[in-house]
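A quick write-up on the structure given underneath.
Protein chains in written order, with my numbering: chain A, 1 to 351; chain B, 1001 to 1208.
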């Protein structure tokens, strides 16, 4: 394979590869077929697709649903690592930054596991090294004896400042929730700064980040409204998007669902989102609302990747779609394992 | 009490009469206590039925919600969120008295939590975790409530059982035996009186 390092060619190359990978994702008809299968058949189906290597590798140590789930997350991690390798130039930087959310998840899981006295093996099973921190580094973190030493080992990584600042309070309160929220806020803040730093392709990246921030805030508003108490939720907003902290607080405290959706519709500009919000005026569960939001977000990302075929959009669209493929397969396997009705499992799928 | 061990004396008769009166009084009181406890038990039983069906319902829901969370987030996501929970519910134990039976009164706090206080971050999780956590909080609350009711019921049952045994012992063993002994002494004293009278008559006849 010829190495191309400059000009538009690398972008064309990587975006084409993403399109090819996207075409290999499991289509809707297969999900519908999988819904009528039992767990062994589902495992076999998965083994016959892109997940064969992971299933074969893990089959001696795991079985049943654990095998499926672990194989899926290993494949996701491997796929994301490979994409980071093949993406060139600034796209690589953007992709790497975008995947840092997995680092946040992994580091927090290690810290929580350690403070709860979980064994290294158990913590290792829960990690998905799909971000910047690879399995070897995460293993090193697991081996550290105390949370303070884990944080020391993270020096130089983007999570270090927030965690080192909040660790004492978190250990005292025995809760990493504040650190988790702050880390995600910092994650988005850095993505915004990177997208606005003037690098080529930054404009498209910014478009995606703003979209993601808005959807995250909308999703969280629905969640917080369900459990509303007269408290200050301003610190829960991800800044930089359409909603300011005050608007976020106001929307959460708006009593009537119709009124809330009305104000929301006035604030957002995305037409598919407005159409989706129109449909929400009837009674829908929180999970159904979340699935609808994900569908709208994915379909908008798809349109963006068609509008900008040689930008960060096709890469991010593929990364998200791959994530939801894993999500769907896991949902079907798990749902079958716990004997959930087919219709119910179907309602959880992002198709 | 074997009749042969009884001394047929007047003082023993008085003593026995006192014991019979005491036993009969005790029998009446214990019978009233037993009936009162049974009424209380039926009241608690109604509560227990409701709480048990509520518990079963909440358990069912919790199982469904964790299955739902496992389906949506995977066991990895659920375990990761579960690691966030450190705070255990506080349970304060007091006691109250129902007709002499000491039963527990359990008060719990910090079971039902706000989304923000649960320990996991809002931005790294989904509503599936919220719903599973909320269902389990409801279940724990219900378990604590049921524990109070079931313990009360168990203690009442134990007390009813022991009171019933005492009532039966008094009704069928203690009082009949005492009555028999009283009758025996009475009969023996009467006989002794008759013997005495007869003896006196005989002496009187011989002297005449």
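Ideal Cβ positions, reconstructed from N, Cα and C, are used throughout, including at glycine.
Chain-ordered, the chain B residues with CB closer than 8 angstroms to the CB of residue 345 of chain A read 1071.
Residues of the region 1087-1112 of chain B that bring their beta carbon within less than 8 angstroms of a beta carbon in chain A comprise 1087, in sequence order. When only Cα atoms are considered, residue 347 of chain A and residue 295 of chain A end up about 12 angstroms apart.
In terms of beta-carbon proximity, residue 238 of chain A lines the interface with chain B, with at least one pair separated by less than 8 angstroms.
For the pair residue 74 of chain A and residue 97 of chain A, the Cα-to-Cα distance works out to about 20 angstroms. Assigned with DSSP and collapsed to three states, residue 304 of chain A falls in helix. About 10 angstroms separates the beta carbon of residue 1095 of chain B from that of residue 1101 of chain B, a gap too long to meet the 8 angstroms contact definition. Residue 1035 of chain B places its beta carbon 8 angstroms or farther from that of residue 223 of chain A.
Residue burial is scored here from C-beta neighbours: residue 279 of chain A has fewer than 16 other C-beta atoms within 10 angstroms and is therefore classed as exposed. For residue 1102 of chain B, the enclosing beta strand (DSSP E) covers residues 1101-1109. DSSP, read as helix, strand or coil, puts residue 1113 of chain B in coil. By the CB criterion at 8 angstroms, residue 112 of chain A and residue 1115 of chain B fall outside the cutoff. In this structure, the CA atom of residue 121 of chain A is about 14 angstroms from the CA atom of residue 1079 of chain B.
Contact with chain A is found for residue 1130 of chain B, since one of that chain's Cβ atoms lies less than 8 angstroms from the residue's Cβ. Rounded to the nearest whole angstrom, the CA to CA distance from residue 193 of chain A to residue 241 of chain A is 13 angstroms. For the region 70-92 of chain A, the residues whose beta carbon sits under 7 angstroms from a beta carbon of chain B are, in order, 73. For residue 1170 of chain B, no beta strand (DSSP E) segment is defined, and its DSSP state is neither H nor E. Going by beta carbons, residue 1074 of chain B and residue 288 of chain A fall outside the 8 angstroms limit. Around the Cβ of residue 217 of chain A, a 10 Å sphere holds 16 or more other Cβ atoms; the residue is buried. In this structure, the alpha-carbon of residue 1045 of chain B lies about 36 angstroms from that of residue 229 of chain A. Residues of the region 1052-1080 of chain B with a Cβ closer than 7 angstroms to any Cβ of chain A, in chain order: 1067, 1070, 1071, 1072, 1074, 1075, 1076, 1079, 1080.
Judged by pairs of C-beta atoms under 8 angstroms, the region 1150-1163 of chain B does not touch the region 329-342 of chain A, as fewer than three such pairs exist. Excluding the 5 residues flanking it on each side, residue 202 of chain A has same chain C-beta neighbours closer than 7 angstroms at 195, 196, in chain order.
Excluding its 5 nearest sequence neighbours in each direction, residue 234 of chain A has C-beta neighbours in its own chain below 6 angstroms: 245, 249, listed in chain order. Taking residue 284 of chain A as reference, the option from A:300, A:257, A:303, A:299 with the minimal CA-CA separation is A:257. The continuous stretches of beta strand (DSSP E) do not include residue 1208 of chain B, and DSSP gives it neither H nor E.
Secondary structure within the region 124-182 of chain A: the alpha helix (DSSP H) runs of 4 or more consecutive residues, fully enclosed, are 135-143, 147-153, 160-173 (chain order).
Flagged as an interface residue toward chain A: residue 1124 of chain B, by a C-beta distance shorter than 8 angstroms. Annotated as distal: residue 179 of chain A and residue 198 of chain A, with beta-carbon spacing of 8 angstroms or more. Counting along the chain, the unbroken beta strand (DSSP E) around residue 1091 of chain B starts and ends at 1090-1098. Only 174, 175 from the region 157-175 of chain A bring a Cβ to less than 8 angstroms from some Cβ of chain B. Within 8 angstroms of the CB of residue 1119 of chain B, the CB atoms of chain A belong to 174, 175, 176, 177, in sequence order along the chain.
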